[in-house]
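Numbering (UniProt numbering), first residue to last: 1 to 335. Let me begin by presenting the structure, written as structure tokens, before commenting on it.
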Amino acid sequence: MHSFKRVLVTGADGFIGSHLTETLVRAGYNVRAFVYYNSFNSWGWLDQSPEEIKRELDVFAGDIRDPHGVRSAMQGCDAVLHLASLIAIPYSYHSPDTYVDTNIKGTLNVLQAAKELGVAKIVHTSTSEVYGTAQYVPIDERHPLQGQSPYSASKIGADQMALAFYRSFGLPVGIIRPFNTYGPRQSARAVIPTIITQLAQGNRKIKLGAIHPTRDFNYVEDTVEGFISFLESSRSIGEEINIGSNFEISIGDTARLIARLMNVELEIETDEIRLRPEKSEVERLWADNRKARELLNWQPAYGGEKGFEAGLAKTIEWFSNPDNLLNYKANLYNI
């Protein structure tokens, strides 16, 4: 038996949200999936879920920026996994206003409704981007926060709002902080799908932004297990907890590793449009995941170099399927 009668997942139509939603349903949870309303009646990535998953879902189409819709979606739910947010860093230079509305105000809507409805657990999703460039490694949860992009600043604001509701009202909320998640269905604006889709379409000279920064990549199954462990742990309320592999690799080395796994020669071309402004580029991310091990009993199944290769192989296999590749415009820069 699970601890919660009904769980709401916001952002269920997205990359991580869809994997999380499917895993929760398979594990026997009663799930309400909050998807972004659109006139196409699209459920995002959930449209591609197996029929037996879709039959079990209670889908709510709405907008996280609308407090009344958020409150309606949360009626009858005793736990919320809040993933809905705008996440593209380049687009946040372009339209920062939407990031404040979606990420900060959207989170406030979830917190207010949870407080009014007496929800038993809220898991708020943060990001490793709130740390900015590592001042020391590995990065633990006490590392200073640095808003190096409007996206990062909006997530810091959202995280602090969640903690404020915990401290001010005793709201049972905790903050999960995944480092760079990758895997099937990820948007082509993220670096691993950018590399794989270009190579899968036959390009051997691929366009990337800066290749010297390092990242701590996490296969999506590990991130999903982190969310479920966070939800079920009695020790996660009021906490900020990193979900990371504790393995650091540069973008350039990642590209070369993918090329090796795909058995192709690779030439990297720097595309100016993909470069972040100098002070905005996060140069180094490397997660300390001890707190997740201690409080959540979570550890990555795809950790270290061997685990990264295994996760990349699964990701390459998915993106190399022509039916999946059709969803991507690999020849365009996706902001």
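Glycine included, each C-beta is placed from N, C-alpha and C at the ideal position. Source: prediction; values computed, not measured.
Per DSSP, which residues does residue i bridge with? Please list them.
i	result
residue 181	218
residue 7	31, 79
residue 267	205
residue 174	123
residue 284	214
residue 36	62
Between which two residues does the beta strand (DSSP E) carrying residue i extend?
i	result
residue 243	240–243
residue 58	58–62
Give a yes or no on whether the C-beta atoms belonging to residue i and residue j are separated by under 8 Å.
i	j	result
residue 242	residue 289	yes
residue 316	residue 268	no
residue 320	residue 240	no
residue 295	residue 197	no
residue 120	residue 78	yes
residue 83	residue 14	yes
residue 171	residue 86	no
residue 32	residue 88	no
residue 340	residue 133	Residue 340 cannot be examined here, being either before or after the span of the chain that is shown, 1 to 335.
residue 247	residue 176	no
residue 46	residue 224	no
residue 283	residue 3	no
Buried or exposed: where does residue i fall if 16 or more other Cβ atoms within 10 Å of its Cβ makes it buried?
i	result
residue 148	buried
residue 150	buried
residue 273	exposed
residue 218	buried
residue 278	exposed
residue 39	exposed
residue 185	buried
residue 99	buried
residue 68	exposed
residue 22	buried
residue 124	buried
residue 302	buried
From what residue to what residue does the alpha helix (DSSP H) around residue i run?
i	result
residue 246	From DSSP, residue 246 is part of no alpha helix (DSSP H); its letter is neither H nor E.
residue 102	No alpha helix (DSSP H) holds residue 102; DSSP gives it neither H nor E.
residue 323	322–325
residue 25	15–26
residue 109	106–117
residue 192	191–200
residue 73	67–74
residue 295	290–296
residue 90	89–94
residue 312	304–319
Practice prompt. Run through the region 130–171 for me and flag every whole alpha helix (DSSP H) of 4 or more residues, listed as ranges in chain order.
Written response: 150–169
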